[in-house]
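Working notes, beginning with the structure itself.
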Amino acid sequence: MKSRGDARGQPRPSARGIHACGAGTRTKRIGAPCGPPRMRAMRTLISSLVCLLMAACAHAPASAPESAPPAEAPAATPPAEAPATPTPAAGLPHMEPPAAPMPGWMQVRKADALSREEKFAEALALYEEALDAGNRDPNAAYSAACSAARLGRKDVALRRLSQSVELGFRDVGWLMQDSDLEPLREEPVYLAQVERITTLPDPHPTSSSELKTLFVEDQSDRQRPLDGVDAWKRVAERDAQRRERVKALLAEGALKEGADFLSAGFIFQHGNTPEDYAMARQMGAEAAKRGHPRGLWLAAAAWDRWLMNANLPQRFGTQYRFNPESKEMTLHPVDPNVTDEERARWGFPPLAEIPTVLQR
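Number 354 marks the last residue of the sequence shown (the working numbering); no jumps.
If you want it as structure tokens, here you go:
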């Protein structure tokens, strides 16, 4: 599989997951800026190449985050009011998992890792196991389709692609350019799916259109090539404007669906203060409560980032730092008091299975 980098800035052909990193002159995943501007920019750019790997499925497209299908989502709840975020001195309160991990979550995580290693047969087996167990994340079905297509198993690829559409996949633009699906281009079923997607309604018509736009803008800022500190500074300025607008929308009660809260959470995750990360955790938790398949991950990752920003051990193993000596992304220390059982409650594998160095 040819690679364009595994990041939201330059995703590989079938790895367009949600970019969960920070931006600007600050160091992504590290928090407040430190060191000379050139070193900060270097760490920022390098760390942006790996954030996606911990953020989403191996083949997830870049469209606005979709909520879980209505059958899987809990009953509608009233819009959340803006939560009070703690200060560093007060600490971040403990949080219980806001929802259970989706069925087959472990298989999907392992399949994502195998897919990045181009072990498509093993990845496909795990994706199918997860989907057959009741996993309803459209990105898992889409990833299964990509793995099957790479193996030449067109029947399986077309079936899983159709399933991803049924579960809410709508990014026809990415579908038509994804090189992993090249073997399917002339298949009548594939062509029918492309045409069908353009006629399907938004699976979540009550979600905030403005939140969708803000999320797309946030992600677009991380897709285009950015050179130098000045470019990232401009992104940071737009990030700050987006956060202020999301705060206003939250105060107005405009956030209703899981997708709304997930979009808001990623926008806060791109902040640079403990309060931003605390808000991202709260938004991820609200998304999870409303059935979004990636809300649980976001809540955990924001919690880890808050801890790393405070120079404390993380809980789940989502955060990596750039090591200027080895030029590698190394795992930020993990709290040994957090058990593998607790990590599993949040949808994370045992600590021994989390790589200490993130391969790019």
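Where is the CB? At the ideal position from N, CA and C, for every residue including glycine.
Three or more Cβ pairs closer than 8 Å define a contact, and the stretch 192 to 202 meets that threshold against the stretch 154 to 166. In the displayed model, Asn133 falls within a helix according to three-state DSSP. By the beta-carbon neighbour count (other beta carbons within 10 angstroms, threshold 16), Gln263 is buried. Beta-bridge pairing by DSSP links Met302 to no other residue. Secondary-structure assignment with DSSP links Glu322 through a beta bridge to Asn317. In the structure shown, the three-state DSSP call for Gln276 is helix.
The secondary-structure analysis by DSSP pairs Gln308 across a beta bridge with Val328.
About 12 Å separates the beta carbon of Leu145 from that of Leu178, a gap too long to meet the 8 Å contact definition. Going by beta carbons, Gln101 and Glu123 fall inside the 7 Å limit. Your pair Leu256 and Arg288 checks out as a contact, with CB atoms roughly 6 Å apart and the cut at 8 Å. Taking a C-beta distance under 7 Å as the contact criterion, Leu301 and Gly278 do not qualify as a contact pair. If you check the CB distance, Leu205 and Asp254 come in under 7 Å. Closest in alpha carbon position to Asp298, among Glu322, Glu211, His326, is His326. By the Cβ test, the stretch 215 to 232 is not in contact with the stretch 166 to 174, since fewer than three Cβ pairs between them sit closer than 8 Å. Here the alpha carbons of Gly259 and Leu86 stand approximately 16 Å from one another. Note that the C-beta distance between Asp329 and Pro307 is below 7 Å. Judged by their CB atoms, Gly98 and Ala127 are nearer to each other than the 7 Å cut-off.
Around Arg190, the same chain offers Val159 as residues with beta carbons nearer than 8 Å, after the five sequence neighbours per side are excluded. According to the DSSP assignment, Ala151 belongs to the alpha helix (DSSP H) that extends over 148 to 160.
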